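Report on the structure given below.
There are 2 protein chains.
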Amino acid sequence: MSNKDLPMQTSWEEAFDTLLWGADGLMPVTTVQVDTGTVLMSAWVSRAALRKTLEINKAVYWSRSRQELWVKGETSGNVQHLCEVRVDCDGDALLYIVDAAGPTCHTGRQSCFSWKLSPDTGLVCDRKIEEQPSQDHHA
Amino acid sequence: MSNKDLPMQTSWEEAFDTLLWGADGLMPVTTVQVDTGTVLMSAWVSRAALRKTLEINKAVYWSRSRQELWVKGETSGNVQHLCEVRVDCDGDALLYIVDAAGPTCHTGRQSCFSWKLSPDTGLVCDRKIEEQPSQDHHA
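Going down the list, the protein sequences come from chains E and P. The numbering of the first sequence is my numbering, which starts it at 1 and goes up by one. The numbering of the second sequence is my numbering, which starts it at 140 and goes up by one.
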C-alpha cells in the first residue's frame, strides 16, 4: 500500500473485503487489556472469527492447531469482552482491545508474553502465575 | 505446546532454536511504546532480524514486500530504540517494547493501528497525523 490512507468503508462487509487476508485466509491479531494496555496475547483470526467477535462482543480466534473457531475462555471462563477492533495501515493486522475476565495465558499468567529474551539472560520467565493452569489452549 | 512452560534457555542462540518459526522462517511481532503502552505496529521478523534487533538495540524487521531486513526509521529517522524483547507461551510470537523517536506509521500517525472497525461505523480512521507522511514503508 502507498502513502495513501487505508480506504474507509462504511459497511462492515465492505471493510472485510478491504482487509488483506493471508493466503491461508488468516490474519494476525494482538490482544490488549483495555485499562492497563497490557499485551495479553497474539493469535490468528479468519473472516468467520472476526465476524463472530463483532457479533458476540467477545474475542474469537481461529485455532490453527484445532482448525476451528475458538471463543477465548469458553472452557476456562476467562473470556475477553470486546471493547474495540482496530486495523493497521496496511489492513493486514488487527488489534483487539478487550476487558479480560481472568488470566489470558493457559499457564495461568495474565499475559502470554511472560518470557523475556535478552543476550544477557537468554529466555527467562519473569511473570507470576495468577491461577491454576487451564486446559483452554488452542495455539 | 502443553500446559508446561516454554523451556527456559540461558543462551540466546539456544533460545532461537526454541522458538517456533513459521514455514517461511518468519514470526509475527507486535511493537509497543514503553511508557504509554500504545501498540505501534505489527510486522514480521526473521532470525536475522531478531538477532540484529538484539545486537543494535533498535527494532529490526523483515520486510515481506522488499524481501530484506528493515531497520525501522533508517530512512525517516523515526527509529525504535529497543527496551525489551518478549516471547509468548507458545514461542511463536514476539513483542518488542520500544521507545520510538517519532511516529511509527508511514502515514505520519503515531500508531499503525489508527483505524477502527465496528458494525456501527464500518472502517474509519480516528487518529490524527502528527507529521508529514514518510517514504519509510516496508510492509
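Note that CB positions come from ideal geometry on N, CA and C, so glycine has one too. Keep in mind the model is a prediction, meaning the values are calculated, not measured.
If you draw a straight line from the Cα of N217(P) to the Cα of C251(P), it is about 13 angstroms long.
At a cut-off of 8 angstroms, the C-beta of V45(E) has no neighbouring C-beta in chain P. Put simply, the region 176-191 of chain P touches the region 21-40 of chain E. At least three CB pairs are less than 8 angstroms apart. The C-alpha of I129(E) is placed about 22 angstroms away from the C-alpha of H81(E). In the displayed model, A100(E) falls within a strand according to three-state DSSP.
For C222(P), no CB of chain E lies under 8 angstroms from its own CB, so it is not counted at the interface with that chain. Residues of the region 245-261 of chain P with a C-beta less than 8 angstroms from any C-beta of chain E: H245, T246, R248, C251, F252, S253, W254, K255, L256, S257, P258, T260 and G261, listed in chain order.
Within the region 55-67 of chain E, no residue has its Cβ closer than 7 angstroms to any Cβ of chain P. Around P167(P), the beta-carbon contacts reaching into chain E at under 7 angstroms are P28 and S42.
Rounded to whole angstroms, the separation of the alpha carbons of F16(E) and V263(P) is 13 angstroms.
Annotation for E194(P): the continuous alpha helix (DSSP H) segment containing it runs R186 to I195. When the beta-carbon positions are compared, A232(P) and M147(P) stay at least 8 angstroms from each other. The alpha carbon of K191(P) has as its nearest neighbour, out of R203(P), W183(P), V210(P) and G161(P), the alpha carbon of V210(P).
At a beta-carbon threshold of 7 angstroms, none of the residues of chain P lie near W21(E); the nearest stands roughly 14 angstroms away.
Contact annotation: L159(P) and W115(E) have beta-carbon atoms that are not nearer than 8 angstroms. Proximity of chain E to W151(P) at the Cβ level (cut-off 7 angstroms) is accounted for by P119 and G122, in chain order.
With a threshold of 8 angstroms between beta carbons, T157(P) makes contact with chain E. Under the 8 angstroms criterion on CB atoms, V87(E) is classed as interfacial with respect to chain P.
Interface annotation, V34(E): not in contact with chain P, CB-CB separation never under 8 angstroms. For S185(P), the number of other beta carbons within 10 angstroms of its own is at least 16, and it is reported as buried. For T18(E), the enclosing alpha helix (DSSP H) covers residues W12 to T18. Chain-order list of chain P residues neighbouring Q9(E): G261 and L262, by C-beta distance under 8 angstroms. Here G261(P) has no same chain residue with a Cβ atom under 8 angstroms from its own Cβ, once five neighbours each way along the sequence are excluded.
Checking the DSSP bridge columns, you'll see L262(P) partnered with Q9(E) and L256(P). Rounded to the nearest whole angstrom, the C-alpha separation of S65(E) and W44(E) is 11 angstroms. When 7 angstroms is used as the limit between beta carbons, G176(P) is near these residues of chain E: G37, in chain order. Taken atom to atom, the span from the alpha-carbon of L50(E) to that of L193(P) is near 34 angstroms.
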